[in-house]
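What follows is one structure encoded as structure tokens, with my remarks underneath.
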Amino acid sequence: MIVVMQVGASEAQIEAVIATLNDHGFDVHRSSGSERSVLGAVGVKPEFDPRHLQLLDGVSNVHRVTEPFKFASKAWKSEPTKVNVAGVTIGGDEVIVMAGPCSVESEEQIHESAKAVAAAGAKILRGGAFKPRSSPYAFQGLGEAGLVMMKDAAKAHGLAVVTEIMDPSQADLMLKYADMLQIGARNMQNYPLLRVAGKTGLPVLLKRGLSATISEWLMSAEYILAEDNPNVVLCERGIRTFENATRNTLDLSAVPVVKAKSHLPVVVDPSHGTGIRNKVLPMARAGVAAGADGLMIEVHPNPEEALSDGPQSLHFPQFVEMMEQVRQIARAVGRTVG
Ligand code: PEP
Ligand code: MN
């Protein structure tokens, strides 16, 4: 941390800042220029709140130079993390595609979806049985019945299962049916849920919150990692900005930014990121080009009839076309797609 003192700060003020830093366990290096002094505080204290210093007399500003997260940081672990989801590795050379409907709706719908996405090269079946809907009157998901259907469909087509956990009370159900837990954007900062997801030991797909900074997102990952669960995959799914031509703004720069700060794999979700079917394919290509370790894609046998997110769900032939195109992009950046 760097503390820049105001021009003309008194010796007593500078000494008070040094004393505060020492009290919090920092070593202090002082540099006194002709106009002002700068204090370098050495020590990694992620829990320290820099506002303690900002409030002191004579302080101009305070800059953090280390990240507030620890286990998620590259400083802690420099080599990329590989997350094993029922035998599927996320974070290796292969770009892993997770695909399926927004919600599990029926036996037939989820089986048809599993068959189509597996044939096109997806490795993980997605689908929600507990749905976080903006309206309490919208379809809320089939609950356990949906999980049973999903597990059967995935098994029949050699896929792993990722599904959303919305409440800590659902952990036991998830352990029965899921290979990977999804924490939805709306729950990114639901700390009790993050802790419970961490405790299950299952791999966790942590979606970025609608208005979360990258640092906040990594702090949420830290909650899971701090439960001794190293299997966290981040998912960029678009954030809320002033732009309203798309449902969200897919922040693809998050991919290289996260990769510079963290060892965790990153997946891109262009379905929620754009919210409209004809924008999904180009942004899927772009996600792979940006270095994503995976894609999450919504598909549906009959999107016009879908109970949730139909307009952003691909028809099966569009999914096949997307897979062909991302395969070419992956090759160009030294990766493969199943
Ligand atoms: C979903 O994956 O269907 C979903 C609700 O995603 P998000 O939490 O990103 O909105
Ligand atoms: Mn959805």
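When we follow the working numbering, the leftmost residue of the sequence shown carries the number 9, and every step to the right adds one.
Glycine is no exception: its CB is placed at the ideal position from the N, C-alpha and C atoms.
May I have a chain-ordered list of the beta strand (DSSP E) segments no shorter than 3 residues that lie completely inside the region 195-232? Runs found: 212-215.
Counterpart residues of His71 in DSSP-defined beta bridges: Secondary-structure assignment with DSSP links His71 through a beta bridge to Ile10.
Are the region 240-250 and the region 89-99 touching by the rule of at least three beta carbon pairs closer than 8 angstroms? Cβ pair count under 8 angstroms is three or more, so yes.
Does the distance between the C-beta of Arg245 and the nearest non-hydrogen atom of the ligand PEP fall short of 7 angstroms? Result yes, Cβ under 7 angstroms from the ligand PEP.
Would the C-beta of His323 count as close to the ligand PEP, meaning under 7 angstroms from any of its heavy atoms? Checking the Cβ of His323 against the ligand PEP gives no.
For Thr249, is the classification buried or exposed, using 16 other Cβ atoms within 10 angstroms of its Cβ as the cut-off for buried? Classification for Thr249: exposed.
Ile26: first and last residue of the uninterrupted alpha helix (DSSP H) it sits in: Counting along the chain, the alpha helix (DSSP H) containing Ile26 begins and ends at 19-31.
Compute every distance between the C-beta of Arg194 and the non-hydrogen atoms of the ligand PEP, then say whether any falls below 7 angstroms. Yes, since a heavy atom of the ligand PEP falls inside the 7 angstroms radius drawn around the Cβ of Arg194.
Around the ligand MN, what residues have a beta-carbon under 5 angstroms from a heavy atom of it, in chain order? Selection output, chain order preserved: Cys110, Asp317.
Do the CB positions of Tyr185 and Arg203 come within less than 8 angstroms of each other? Not closer than 8 angstroms, so no.
On a Cα-Cα basis, can you pick out the residue from Asp65, Ser40, Leu63, Lys78 that is closest to Glu55? In terms of Cα proximity to Glu55, the closest of Asp65, Ser40, Leu63, Lys78 is Lys78.
Determine contact between the region 269-281 and the region 71-86, defined as no fewer than three beta-carbon pairs at a distance below 8 angstroms. Yes, since at least three Cβ pairs between the region 269-281 and the region 71-86 fall closer than 8 angstroms, the two stretches touch.
If you follow the beta strand (DSSP E) that Asp381 is part of, which residue opens it and which one closes it? Only positions 9 to 346 of the chain appear in the structure, and residue 381 is not among them; the question remains open.
To the nearest angstrom, report how far apart Asp175 and Val212 are at their CA atoms. Near 14 angstroms, if we compare the C-alpha coordinates of Val212 and Asp175.
Should the region 97-111 be regarded as contacting the region 53-70, the criterion being three or more beta carbon pairs within less than 8 angstroms? In this structure the region 97-111 does not lie against the region 53-70, because fewer than three pairs of beta carbons, one per stretch, are closer than 8 angstroms.
Within the same chain, show all residues whose beta-carbon is closer than 8 angstroms to that of Ser28, passing over the 5 residues directly before and after it, in chain order. Reading the sequence as shown, one finds Thr at residue 28 and not Ser. For Thr28, where only same-chain residues beyond five positions count, the Cβ hits under 8 angstroms are His60, Leu61, Leu64.
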